[in-house]
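Data first, discussion second: the structure below is written as structure tokens.
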Amino acid sequence: MYDEIQEIKAQYPRTRSAVLPALRIAQQRYGWLTPDALREVADALDETPAFCQSVASFYDMFHLAPVGRRLVEVCTNISCALVGAQQVLEAFEQELGIRAGETTDDGQVTLRALECAGGCGWGTVVAVDHRYREPVRPEDVPAIVQEVRDGG
Amino acid sequence: MPELVTLTIDDREVQVPKGTGLVETAMGAGIEIPVFCYEPRLGPAVGACRMCLVEIEGMPKLQAGCTMTAQDGLVVRTAATSDKAAQGQNATLEFLLLNHPLDCPVCDKGGECPLQDLTFRYGPGTTRMVFPKRTFDKPIPISPTIALDRERCILCYRCTRFSEGVAEDHQLVPRNRGAQTLITTFEEEPYRAPFSGNVIELCPVGALTSTQYRFEARPWEIQNVPTVCTMCPVGCNVTVTTREGKVKRILSRNHPEVDQGWLCDKGRFAFSHLRAEDRVTQPLRRVRRRGFATISWEEALDETERVLRGAGGRIVTALSGSETIEHAYGLAKLLRTGLGAHSAVLPEETDVAIDAFRLPLSAIRGAELIVVVGDDPVAERAPVVDLWLKLARRGGAEVVTIGAAGSVLTAPGSAAQTCRELAGSGSELGRRLRESERAILIWSSPGGHGGAEIAALAGELGFAGKPGSGAFHLPATPNGRGVADAWAAASDDEGPNPEPIAVLVVSGDEAASDPHVRALAERAETVIAIVMFERVALGWADLVLPGTSYLERDGTAMNLEGRLQRLRRAAIPPVADELSWLSQLAARFGVDVSPYPAPVFEELAGTVYGGLTLGELGERAALAERAQIPAPAPDPDTEPARPSDGHYLNLLPYRPLFAGAAVERVPELQFQRPAAEVELSWDDAQRRGISSGDEVLVRSNGTSATLRARLNRRLLPGVVRIADEHARDLHATVEVTKP
Ligand code: SF4
Ligand code: SF4
Ligand code: FES
Ligand code: FES
């Protein structure tokens, strides 16, 4: 990873610009940004782990805790909220048996609430492993959950 | 002359240089724009808290005053004349208090809290917050010296901006976003950095507090004494908070030319050494096999007199660089004029040559090119100077460090040689230094002949004629120069070095901890030590007289700029201070030493400081003009640098900032002391199959140490760095292996 990050670093005039892509590489490799992963990124960029963690914590796309194999994210920002994002989120919670921010006991699915996903015209936006489903209504939820559980 | 602009604030016309911050502009006119997050020393305003809302004519919404600068024709209304601004500030405070606990009665900040004060002046008198507030575990230890009460935090980001943008340690950071943000360190590791304590002072609420000061005093019970830190040669101006005569905390006292209001953690937290359990509070006499026995002052003075009289002038005096000038002078006068004992071990060499290139430390900020020569990190020798360098670099200055771990790598111990090269015609960097009008040289290494080396370079580069260019020598001791002046002022006579030594007088814990002084002690028949801590003198001193700390002394000290500064007694020492008994002792030898520092200063200042008086020094001492003296010729025989042959490595020991008898006695500072580590260059580590964290054996002729390896990518291959307390008896070349 060290060398990979050096390559990215070389593309920017300032090291700091490489923090986001470097964090993405680390997340891809470890699944989430473990403290050791953050230390590795920091070492490669000559930054502190605290700084890297601070940056990562700002973005919803970075995980600072373990996540399930599959990731279901529901946008609850303003446009989606207006068309019932809360009900969609609750439907997921009921169907999966967990609260937003949690992972199912079998470690298969993580459910999260998300800030604006950039698809405001088609709310409520739901992202399954970063693929958007839009618009989603509460009644669509059981089918999506089934599909996720089946590995689709 | 910058362009002046005219604007109106609260119907008052004000004229200021264009670009002056609106907050300062108003302040200059006696109008308050209240702030929380605004702090110009932290860099550009961020507008995080909205406390500073003002109404500006022509702008539909309230503006954050702290983000604006004075412009011609601006019409500003603060809460004093604008209802809209008053309502805005009132609402801001209501929001800030939404989750803020009402625990002022048990909050350490209470009584000196900007949030409390501004709520009183601008905020709502009642709360509509009838819901439960957010709570957290508390207090969270940010480090052994800093505690965080998270629910009190108003997210002004002063602390994290300091960490990121002033100290540049990037350790205290915000986590998450918006209202969910938390101030934290990585994985709850302690905030371990030389300047961490400044965040306590910056925090405008009681969120970040000092663990030493928590629940120790209320603001109306305390007394603040302005004095100067003499834990290192910077001499930061400080305010010492005392309660019932005991020191409770140390705060900065902004001297804009010296410290800009920042302190290092050693200066801020080390004061509890005053209450060390092995503090000497009575004179002690060595008793065979039983350590020390307490004796009375009368006995002690009799014994000292007897020993000194019996020495027949064969006396050597070892002084510490942490003495005040007055104290050193009192001792010097007694021994030199009363006993003809002219042989001294001075704390370090000092040379007036550097005075020809004198500048205030603040000049570093304005420089365009700064060259630091030497192997020691500036932060370890003179911490606050490092903050000035960082500020200069952020402002666009080029900072070149030349040493074994510098931006330009040279063999250890080659600082003098570097100076020679920079002076030569072949050096490109030397040419640029010569051409610049604002260039600064800094010597950060042992040696250097008390500043003569760097002064010689400055002379050759033509700095004498350039008021913006100058040179600093970073000494090893806080007031070595003042002590040398005091010694010189006491007598013009000279004497031979006595052999054998009948009596060795060791003044101060610093000298008493010096291995060279200890070696002398072995050759002396009798050793008299004036120390604060018993363990320092145990086993080798015959007679121990109690010493005092800089916080307990009145007097003066000279810092690395050559600035004479005034120390004031903040705490009453548990023992008679040195001058008072020195005066009595001197009288027995017919020598007149005043027990009070002011007349002592007057006496010596007549000889060495041109008749200056204490009153003239003032609370924020000015720097004397540059001296008109020709630069010395460079010393022709510089020590040759030691090349490495790959197998053996050159040991570069260094004296860490967090070291010394005082720091060792402060429990809260133990985590700051250097770990038992050896720093290796990347190449050397790879070649030996060593990675960071490995346990390694460092060996040299007959001695060895087991240390943890740390890779330092900046270190010159062939060199290892070890803090001197861990390097102990290792020789100059070592072998490093994995056991
Ligand atoms: S801890 Fe204090 S200084 Fe830091 S953000 Fe909170 S209120 Fe501001
Ligand atoms: S930098 Fe030196 S003078 Fe300033 S607080 Fe630290 S030890 Fe004291
Ligand atoms: S608010 Fe949901 S996508 Fe923008
Ligand atoms: S002081 Fe202006 S926004 Fe904080």
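In order, the protein sequences belong to chains A and B. According to my numbering, the first sequence is numbered sequentially starting from 81. According to my numbering, the second sequence is numbered sequentially starting from 4. We put the CB at the ideal spot given by N, CA and C, even for glycine. Treat the numbers as computed from the prediction; the structure is a model and nothing was measured.
What residues does ligand 3 have around it, judged by CB closer than 6 Å to any heavy atom, in chain order?
C155/A, N157/A, I158/A, S159/A, C160/A, C196/A, A197/A, G198/A, G199/A, C200/A, G203/A, V205/A
Look at the Cβ atom of G473/B, then the Cβ atom of I443/B, and state whether they are nearer than 7 Å.
yes
Could you check whether the Cβ of F189/B sits closer than 7 Å to any Cβ belonging to chain A?
yes
Assuming Q18/B contacts L25/B (C-beta within less than 8 Å), just tell me the rounded distance between them.
Contact annotation, Q18/B with L25/B: C-beta distance approximately 14 Å; criterion of less than 8 Å not satisfied.
So within the stretch 150-235 of chain B, which uninterrupted alpha helix (DSSP H) runs reach at least 4 residues, ignoring any that extend past its ends?
Counting only runs of 4+ residues, the alpha helix (DSSP H) found wholly inside the stretch 150-235 of chain B occupies 161-168, 201-205, in chain order.
Quick one: is the Cβ of V208/B within less than 6 Å of any heavy atom of ligand 1?
The nearest non-hydrogen atom of ligand 1 is less than 6 Å from the C-beta of V208/B.
Under 7 Å between C-beta atoms, does V176/B make it to chain E?
Protein chains in the displayed structure are A and B, and chain E is not among them.
Hey, is R396/B's beta-carbon within less than 7 Å of any beta-carbon in chain A?
False, the Cβ-Cβ gap to chain A never drops below 7 Å.
By the 7 Å beta-carbon criterion, what residues does the stretch 708-735 of chain B contribute toward chain A?
none
Can you determine whether any heavy atom of ligand 6 sits closer than 6 Å to the C-beta of V509/B, and answer yes or no?
Annotation note on ligand 6: not contained in the displayed structure, which lists ligand 1, ligand 2, ligand 3 and ligand 4 as its ligands.
Does A515/B come out as helix, strand or coil in the three-state DSSP assignment?
If DSSP states are grouped into helix, strand and coil, A515/B belongs with the helices.
Near L607/B, what residues of its chain come up, given a Cβ to Cβ distance below 8 Å and the 5 sequence neighbours on each side ignored?
Taken in chain order, the residues that qualify are I328, E329, Y332, D488, A489, A492, A493.
Entirely enclosed alpha helix (DSSP H) segments - the stretch 473-501 of chain B, minimum 4 residues
483-493
At a Cβ threshold of 7 Å, is N179/B touching chain A?
Residue-level contact by beta carbon holds for N179/B and chain A, with a gap shorter than 7 Å.
Element boundaries [alpha helix (DSSP H), containing W300/B]:
300-313 is the extent of the alpha helix (DSSP H) around W300/B.
Kindly indicate which three-state DSSP category I367/B falls into: helix, strand or coil?
If DSSP states are grouped into helix, strand and coil, I367/B belongs with the helices.
C235/B beta carbon near ligand 1 (any heavy atom closer than 6 Å)
No, Cβ of C235/B sits at least 6 Å from all heavy atoms of ligand 1.
How long is the line joining the alpha carbons of E671/B and R15/B, rounded to whole angstroms?
51 Å
From this set, D172/B, R180/B, W446/B, which residue's C-alpha is nearest R195/B's C-alpha?
D172/B
Look at T233/B and S325/B and say whether their C-beta atoms are less than 7 Å apart.
Yes, these two residues count as a Cβ contact at 7 Å.
Same chain, Cβ closer than 6 Å to R566/B, neighbours up to 5 away in sequence not counted:
Here the set comprises A624, L626.
Less than 6 Å between C-beta atoms, sequence neighbours within five positions excluded: which residues of the same chain meet that for G744/B?
The structure shown does not extend to residue 744/B, since chain B is modelled only from 4 through 742, so no value can be given for it.
Return the residues of the stretch 126-138 of chain A that lie within a Cβ-Cβ distance of less than 7 Å from chain B, sorted by chain order.
E127, T128, P129, A130, F131, Q133, S134, S137, F138
Whether V486/B touches S134/A by CB criterion (7 Å)
no
Beta-carbon neighbours of P115/A, restricted to chain B and to distances below 7 Å
E190
Hey, how far is the Cα of Q86/A from the Cα of A382/B?
29 Å
The alpha helix (DSSP H) enclosing G462/B, as first and last residue numbers:
455-463
Using C-beta distances below 8 Å, list every residue in its chain close to P218/A, excluding the 5 sequence neighbours before and after it, in chain order.
So the list reads G164, Q167, V168, E170, A171, once near-sequence residues are dropped.
Start and end residues, alpha helix (DSSP H) containing K469/B:
It is not in any alpha helix (DSSP H) - K469/B carries neither H nor E in the DSSP assignment.
Where P127/B falls, given that 16 or more other Cβ within 10 Å makes a residue buried
exposed
Compute the distance between the beta-carbons of F131/A and L103/A, then report whether it is under 7 Å.
No, Cβ-Cβ distance for F131/A and L103/A is not below 7 Å.
How would you call Y553/B, buried or exposed, if buried means at least 16 neighbouring beta carbons within 10 angstroms?
buried
Pair every Cβ in the stretch 100-113 of chain B with every Cβ in the stretch 203-210 of chain B, then say whether three or more of these pairs are closer than 8 Å.
yes
Other residues of its chain near C162/B: CB distance less than 7 Å, five sequence neighbours each side excluded:
L175, I186, V202, L205, C206, L211
Could you give the residue range of the beta strand (DSSP E) that holds A679/B?
No beta strand (DSSP E) contains A679/B, which DSSP labels as neither H nor E.
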